[in-house]
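Asks: Sharing a structure with you now.
Residue numbers (our numbering): 262 to 354.
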């Protein structure tokens, strides 16, 4: 099984909208793939966020659904200038 860690900086003035959309994305992703996500915010740096998705059994299906939902929710438009969503994938052992 795999675990995905996705981190990025959000535009501070759009943080409330970004949080709503990320939570909508996570709900839809859970419905489509059965993978529940968590949203974390860095202590002392509240606009650095991390999405965590663990126990991913079908990475192709998960990654396709995630990419589609990121586009549908317009998440890239809510990032801080110059920021991007960075995806790290680890094997759970």
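By construction, the Cβ of each residue, glycine as well, lies at the ideal position given by its N, Cα and C atoms.
Excluding the 5 residues flanking residue 287 on each side, which residues of the same chain have their C-beta closer than 6 Å to its C-beta?
Replies: So the list reads 298, once near-sequence residues are dropped.
Asks: So is residue 352 buried or exposed if we call it buried at 16+ other beta carbons inside 10 Å?
Replies: So residue 352 ends up on the exposed side.
Asks: Taking residue 318 as the reference, give the member of 272, 291 and 330 with the closest Cα.
Replies: Nearest C-alpha to residue 318: 291.
Asks: Should residue 309 be counted as a contact of the ligand ATP given a C-beta to heavy atom distance under 7 Å?
Replies: As for the ligand ATP, it is missing from this structure, which has no ligand bound.
Asks: Which residue's Cα is closest to the Cα of residue 274: 346, 323 and 338?
Replies: Closest option to residue 274, Cα to Cα, is 338.
Asks: Pick out the complete beta strand (DSSP E) segments inside the segment 277-305, 3 residues or longer, and give them in chain order.
Replies: Listed in chain order, the complete beta strand (DSSP E) runs (minimum 3 residues) inside the segment 277-305 are 298-303.
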